[in-house]
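First residue of the sequence shown? That's 427 in the working numbering, and the numbers climb one at a time after it. Working notes for the structure below.
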Amino acid sequence: MSVLRVGNASGFYGDRFSAMREMLTGGELDVLTGDYLAELTMLILGRDRLKDPEAGYARTFLRQLEECLGLARERDVRIVANAGGLNPAGLADAVRALADRLGIPVRVAHVEGDDLGAAHPGALAAHAYLGGFGIAACLRAGADVVVTGRVTDAALVTGPAAAHFGWAPTEYDRLAGAVVAGHLLECGAQATGGNYAFFQDGDVRRPGFPLAELHADGTSVITKHDGTGGFVDVGTVTAQLLYETGGARYAGPDVTARLDTVRLGQEGPDRVRVEGVRGEAPPPTLKVGLNRLGGFRNEVAFVLTGLDIEAKAALVREQLEPALGKIADVRWELARTDRPDAATEETASALLRLVVRDADQQVVGRALSGAAIELALAGYPGFHVLAPPGKGAPYGVFEDVYVPHGAVDHVAVLHDGRRVRVAPPAAQDTVVLAHVPEPPLPQPLPPGPVRRAPLGLVAGARSGDKGGDANVGVWARTDDAWRWLAHELTADRFRELIPEARELPVTRHQLPNLRALNFVVEGILGEGVAAQARFDPQAKALGEWLRARHLDIPESLL
427 MSVLRVGNAS GFYGDRFSAM REMLTGGELD VLTGDYLAEL TMLILGRDRL
477 KDPEAGYART FLRQLEECLG LARERDVRIV ANAGGLNPAG LADAVRALAD
527 RLGIPVRVAH VEGDDLGAAH PGALAAHAYL GGFGIAACLR AGADVVVTGR
577 VTDAALVTGP AAAHFGWAPT EYDRLAGAVV AGHLLECGAQ ATGGNYAFFQ
627 DGDVRRPGFP LAELHADGTS VITKHDGTGG FVDVGTVTAQ LLYETGGARY
677 AGPDVTARLD TVRLGQEGPD RVRVEGVRGE APPPTLKVGL NRLGGFRNEV
727 AFVLTGLDIE AKAALVREQL EPALGKIADV RWELARTDRP DAATEETASA
777 LLRLVVRDAD QQVVGRALSG AAIELALAGY PGFHVLAPPG KGAPYGVFED
827 VYVPHGAVDH VAVLHDGRRV RVAPPAAQDT VVLAHVPEPP LPQPLPPGPV
877 RRAPLGLVAG ARSGDKGGDA NVGVWARTDD AWRWLAHELT ADRFRELIPE
927 ARELPVTRHQ LPNLRALNFV VEGILGEGVA AQARFDPQAK ALGEWLRARH
977 LDIPESLL
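See the structure below:
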């Protein structure tokens with residue numbers, strides 16, 4: 427059968443607004459997807475729906491369609507997006523109303539069943555991660571636009587692929603190939619040079635969005651429209667493949683993809699072939715993301731300038747202690763951004779950050795604000811803050827739980843109103859997830875002279891968040907660099923380089939086909955991004971910090 431060309435026009439709620447039009451006008455496509463959901467987004471949409479029961483979906487998607495729905499119909503491009511968030515039925519109705527107003531005949535379908543709020547009454551949002559076969563049912567019935575609630579990011583690609591190629595639910599290798607392609611597309615321009623460790627290898631001022639040319643056997647080519655910015659090479663694809671993953675088994679509701687079987691090859695300019703992906707039966711449970719309000723938080727950053735930084739920080743803490751005694755969670759962090767004999771006031775200054783959390787907004791609000799600002803004329807020399815503390819804002823907490831497939835009523839609501847239930851996999855078609863035995867290490871490099879240098883001179887990295895955990899994928903660009911990296915960067919060495927991780931569980935996974943190591947650091951992000959427990963709450967720059975740390979590197983690699 428023919429190649430299926432699937433593009434992406436959104437990696438998050440708030441991504442480039444013009445991307446939908448750019449993808450529709452830039453070249454040939456069969457399906458255009460958009461990923462609008464993340465753990466934090468579900469919390470935001472949940473708060474929106476508290477104010478308005480008709481809300482709960484990504485309104486940006488509607489505004490994009492107002493510009494582009496006619497263009498998609500003219501070019502016979504189907505649109506699949508998870509922009510439905512907490513209210514996919516409401517978004518589907520809104521798309522129909524928009525199409526009627528514009529006079530564009532479109533068939534709109536949606537997928538529902540992910541909402542498990544009734545079983546979790548204390549949660550602001552509780553949603554299971556559904557697979558792609560509900561999307562496939564909508565497309566097979568002729569839908570032009572399919573909107574969903576919480577599905578896996580990769581389901582936006584596995585659904586269209588299963589519909590187009592007629593894959594059965596047990597064709598695991600083909601489905602796993604589509605999962606990998608979907609994972610590579612889901613974050614938009616991250617596959618085309620965005621956020622890339624070696625960004626200076628190409629022009630990434632305005633990277634284009636990616637697309638995948640999918641084949642019936644599950645292989646694909648990751649590329650982009652001709653003439654768009656950025657670049658696609660084995661490195662950019664490797665970086666995205668490692669993003670927000672764990673071990674060799676990448677589990678989902680439809681299939682478990684074996685990341686240790688993925689093979690990447692540069693097929694030509696801006697074209698990377700993805701092949702060899704093996705799949706296994708999915709696990710017997712579905713992940714459910716729970717978002718709840720955790721309380722209220724407030725923060726203030728004191729600017730400490732010049733001499734005696736440590737003593738100034740100690741004075742602030744001593745002065746504020748009486749006001750902080752009743753607060754449940756108090757965290758201080760001193761960032762020594764100051765330099766001796768600095769040429770500017772900013773580079774002579776350090777930041778002392780105070781973050782407080784409590785169930786009582788009054789405790790973290792006016793009481794803290796008043797105590798902090800009262801120090802303006804009675805504190806350390808040079809007292810000032812980056813911004814005055816506010817009244818205290820609500821923060822969210824994310825956690826995940828797991829339920830049997832049968833606990834979810836996965837339904838495709840077709841464009842004509844018919845409801846098609848997507849059957850869960852039979853028990854014999856699931857396998858409990860288990861770790862893959864670690865492969866043997868490559869032969870070490872022969873002994874030779876070394877030089878103290880940053881890890882980033884010989885390795886790339888990309889990091890991200892999964893609830894309270896973070897992952898850091900690290901890959902080498904040459905075989906020799908991989909031989910050194912695999913032996914040098916152990917879990918213990920990782921803890922040495924990242925002091926925050928020294929008391930935390932760190933698991934290292936080898937992916938030799940990618941010349942990569944993937945580290946999972948449990949608990950480094952506390953209760954998740956919405957809780958903002960860390961300077962970099964989503965661990966987006968954790969990999970870049972690791973690359974900046976110095977090790978003894980063989981001179982032959984430098």
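Glycine included, every Cβ here is placed at the ideal spot set by N, Cα and C.
Please classify residue i as buried or exposed, where buried requires at least 16 other C-beta atoms within 10 Å of its C-beta.
{"i": "L476", "result": "exposed"}
{"i": "E953", "result": "buried"}
{"i": "T904", "result": "exposed"}
{"i": "R675", "result": "buried"}
{"i": "Y828", "result": "exposed"}
{"i": "Q958", "result": "buried"}
{"i": "V790", "result": "buried"}
{"i": "G592", "result": "exposed"}
{"i": "G818", "result": "buried"}
{"i": "P931", "result": "exposed"}
{"i": "Q406", "result": "With the chain represented from 427 up to 984, any question about residue 406 goes unanswered, as that position is not in the structure."}
{"i": "V858", "result": "exposed"}
{"i": "F961", "result": "exposed"}
{"i": "P875", "result": "exposed"}
{"i": "L491", "result": "buried"}
{"i": "E772", "result": "exposed"}
{"i": "A587", "result": "buried"}
{"i": "D502", "result": "exposed"}
When the distance is taken between beta carbons, is residue j closer than 7 angstroms to residue i?
{"i": "W910", "j": "L881", "result": "no"}
{"i": "D599", "j": "G705", "result": "yes"}
{"i": "T618", "j": "K650", "result": "yes"}
{"i": "A797", "j": "A563", "result": "no"}
{"i": "P514", "j": "G575", "result": "yes"}
{"i": "A374", "j": "P868", "result": "The first residue shown for the chain is 427 and the last is 984, placing residue 374 beyond what the model contains."}
{"i": "D891", "j": "L951", "result": "yes"}
{"i": "Q666", "j": "Q745", "result": "no"}
{"i": "A737", "j": "L778", "result": "no"}
{"i": "R718", "j": "V823", "result": "yes"}
{"i": "R934", "j": "A907", "result": "no"}
{"i": "N939", "j": "R743", "result": "no"}
{"i": "H831", "j": "L712", "result": "yes"}
Taking residue i and residue j to be in contact with their CB atoms under 8 angstroms, please state how far apart those CB atoms are, rounded to whole angstroms.
{"i": "V605", "j": "A683", "result": "4 angstroms"}
{"i": "G886", "j": "G673", "result": "About 20 angstroms; that fails the 8 angstroms criterion."}
{"i": "D784", "j": "G720", "result": "Wrong, their Cβ atoms sit about 10 angstroms apart, outside the cutoff."}
From the DSSP output, in three-state form, read off residue i for me.
{"i": "W910", "result": "helix"}
{"i": "E772", "result": "helix"}
{"i": "T574", "result": "strand"}
{"i": "L983", "result": "helix"}
{"i": "S444", "result": "coil"}
{"i": "F625", "result": "helix"}
{"i": "F728", "result": "strand"}
{"i": "T649", "result": "strand"}
{"i": "H546", "result": "coil"}
{"i": "H841", "result": "coil"}
{"i": "N897", "result": "strand"}
{"i": "N939", "result": "helix"}
{"i": "E744", "result": "helix"}
{"i": "S889", "result": "strand"}
{"i": "H836", "result": "coil"}
{"i": "W758", "result": "strand"}
{"i": "R973", "result": "helix"}
{"i": "L667", "result": "helix"}
{"i": "L859", "result": "coil"}
Cα separation between residue i and residue j?
{"i": "P814", "j": "V726", "result": "7 angstroms"}
{"i": "T731", "j": "F559", "result": "59 angstroms"}
{"i": "L512", "j": "A518", "result": "12 angstroms"}
{"i": "E929", "j": "G453", "result": "50 angstroms"}
{"i": "P547", "j": "G472", "result": "13 angstroms"}
{"i": "I648", "j": "P866", "result": "30 angstroms"}
{"i": "R527", "j": "R489", "result": "13 angstroms"}
{"i": "V521", "j": "R941", "result": "45 angstroms"}
{"i": "K966", "j": "R888", "result": "8 angstroms"}
{"i": "T654", "j": "F635", "result": "8 angstroms"}
{"i": "L750", "j": "G805", "result": "17 angstroms"}
{"i": "V714", "j": "Q964", "result": "19 angstroms"}
{"i": "R847", "j": "H836", "result": "6 angstroms"}
{"i": "P708", "j": "P748", "result": "54 angstroms"}
{"i": "G808", "j": "I735", "result": "11 angstroms"}
{"i": "R921", "j": "A927", "result": "5 angstroms"}
{"i": "C494", "j": "L977", "result": "51 angstroms"}
{"i": "P820", "j": "L469", "result": "11 angstroms"}
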